[in-house]
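Below is one structure; the comments refer to it alone.
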Amino acid sequence: MAYVVPPLPYDYNALEPHIDEQTMRIHHDKHHQAYVDKVNAALEGTEWADRPIEEVLTSLERIPEDKRTAVRNNGGGHYNHTLFWESMSPDGGGAPEGDLAAAIDAAFGSFADFQAKLKDAGVNQFGSGWAWLVLDGGALAVVSTPNQDNPISAGMTPLLGVDVWEHAYYLTYQNRRPDYIDAWWATVDWSRVADRFAAE
Ligand code: MN
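For the sequence shown, the working numbering begins at 5 and goes up steadily by one.
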């Protein structure tokens, strides 16, 4: 079955004032839909068309060469945005608790140090891309990826990602990517991040 854009798990305006309704509508209904349409078109008629997106993205070297770039970009876009929507909530914000909080403190010094590191990764990602909290070989790390590249293609497990493409913030924040990232923290659903951490 072809991929589909999952419905947002909250209303389009639910993340205001941090992320505005129009941005959410365009981002989810237009940008994410376009990634899904294009990866479906690229995989149509191939043996990969019915495979989970995670399997496709961890097998890019086996995708037919003439389709590989389209699958990398648009399949990555589908995977990344699905995780992004699920990582936010109108009840988000605050700080992680429990084992995840302890692991963040151990890896980065403190939650504030982790926040500074992820923001730095997002601000300094030149052009379009993402900043991530990942598990890399069992250890927490902050990484960034260009375009729609994603941690799973590099053998890492994403726990949380922030989209730093201009389409994610420009209507409200214009060129002020640091301000967008500062505001985005108030949307993070740490219970979902903790679930991903606990599953590893
Ligand atoms: Mn995006």
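The C-beta atom is built at its ideal place from N, Cα and C for all residues, glycine as well.
Since this is a predicted model, take the numbers as computed values, not measurements.
Open item on the list: Please state whether the Cβ-Cβ distance between residue 75 and residue 53 is less than 8 Å.
Closed with: Here the question's residue 75 lines up with position 71 in the sequence shown. Here the question's residue 53 lines up with position 49 in the sequence shown. Their beta carbons are not under 8 Å apart, which means residue 75 does not touch residue 53 by this criterion.
Who does residue 140 pair with in a DSSP beta bridge? The residue given as residue 140 occupies position 136 in the sequence shown. Beta-bridge pairing links residue 140 to 143.
Measuring from the CB of residue 172, is there a heavy atom of the ligand MN at a distance below 7 Å?
Position 168 of the sequence shown, counted from the start, is the residue given in the question as residue 172. Because some heavy atom of the ligand MN lies under 7 Å away, the Cβ of residue 172 counts as near it: yes.
Check: For residue 28, which of helix, strand or coil comes out of DSSP?
Finding: Against the sequence shown, residue 28 aligns to sequence position 24. If DSSP states are grouped into helix, strand and coil, residue 28 belongs with the helices.
Open item on the list: Does the region 154-167 come into contact with the region 87-100, if we say contact requires no fewer than three beta-carbon pairs (one atom in each stretch) closer than 8 Å?
Closed with: A contact exists between the region 154-167 and the region 87-100.
Problem set entry | residue 12 in three-state terms, based on DSSP | Counted from its first residue, the sequence shown places residue 12 at position 8. Residue 12: coil per DSSP, three-state reduction.
Measure the Cβ-Cβ separation of residue 190 and residue 97 and say whether it is below 8 Å. In the sequence shown, residue 190 corresponds to position 186, counting from 1. In the sequence shown, residue 97 corresponds to position 93, counting from 1. Cβ atoms of residue 190 and residue 97: closer than 8 Å.
- Message: Using DSSP's beta-bridge definition, name the partner residues of residue 164.
- Response: Reading the sequence shown from its first residue, position 160 is the one you call residue 164. 137, per the DSSP bridge assignment.
**Message:** Quick check: the region 142-156 against the region 108-116, are at least 3 beta-carbon pairs closer than 8 Å?
**Reply:** yes
*Assign residue 155 to one of two classes, buried (16 or more other C-beta atoms within 10 Å of its C-beta) or exposed (fewer than that).*
Position 151 of the sequence shown, counted from the first residue, corresponds to residue 155. Label assigned to residue 155: buried.
Closer than 7 Å to a non-hydrogen atom of the ligand MN - does that hold for the CB of residue 169? For this step, residue 169 is matched to residue 165 along the sequence shown. For the ligand MN, a non-hydrogen atom lies closer than 7 Å to the CB of residue 169.
Does DSSP classify residue 114 as helix, strand or coil? Stepping through the sequence shown from its first residue, residue 114 is reached at position 110. In the three-state DSSP reduction, residue 114 falls in the coil class, being neither helix nor strand.
Report yes if the C-beta distance between residue 37 and residue 175 is below 8 Å; otherwise report no.
-> For the purposes of this step, residue 37 is taken as residue 33 along the sequence shown, with counting starting at 1. For the purposes of this step, residue 175 is taken as residue 171 along the sequence shown, with counting starting at 1. Not a contact, by the Cβ cut-off of 8 Å.
> Which parts of the region 154-203 are runs of the beta strand (DSSP E), unbroken and 3 residues or longer, counting only runs that do not cross its ends?
Replying inline: Counting only runs of 3 or more residues that sit fully inside the region 154-203, the beta strand (DSSP E) segments are 161-167, in chain order.
*CB residue 182 to CB residue 121, shorter than 8 Å?*
Numbered from its first residue, the sequence shown carries residue 182 at position 178. Numbered from its first residue, the sequence shown carries residue 121 at position 117. For residue 182 and residue 121, no; Cβs fall outside 8 Å.
- Looking only at its own chain, which residues have a Cβ that is under 6 Å from the Cβ of residue 194, when we skip the five neighbours before and after it? Residue mapping note: residue 194 aligns to position 190 of the sequence shown, counting from 1. Taken in chain order, the residues that qualify are 100.
Assuming residue 88 is part of the alpha helix (DSSP H), what are its boundary residues? On the sequence shown, position 84 is the one that residue 88 refers to. Note, residue 88: alpha helix (DSSP H), 80-90.
Between the Cα of residue 159 and the Cα atoms of 44, 24 and 61, which residue gives the shortest distance? Taking the sequence shown and counting its residues from 1, the one referred to as residue 159 is at position 155. Taking only the C-alpha atoms, the option nearest residue 159 is 61.
- request: Return the first residue and the last residue of the alpha helix (DSSP H) that residue 44 is part of.
  value: As a first step, residue 44 is located in the sequence shown; it is residue number 40 there, counting from the start. Segment 37-47, the alpha helix (DSSP H) holding residue 44.
- Task: Using a threshold of 8 Å, state whether the C-beta atoms of residue 126 and residue 57 are closer than that.
- Result: Within the sequence shown, numbered from 1, the residue matching residue 126 stands at position 122. Within the sequence shown, numbered from 1, the residue matching residue 57 stands at position 53. Taking 8 Å as the Cβ cut-off, residue 126 and residue 57 do not qualify as a contacting pair.
| field | Cβ-based neighbour list, residue 210, same chain, cut-off 7 Å, excluding 5 preceding and 5 following | value | Summary: the structure shown does not reach residue 210, with the chain confined to residues 5 through 204, and so no result is reported for it.
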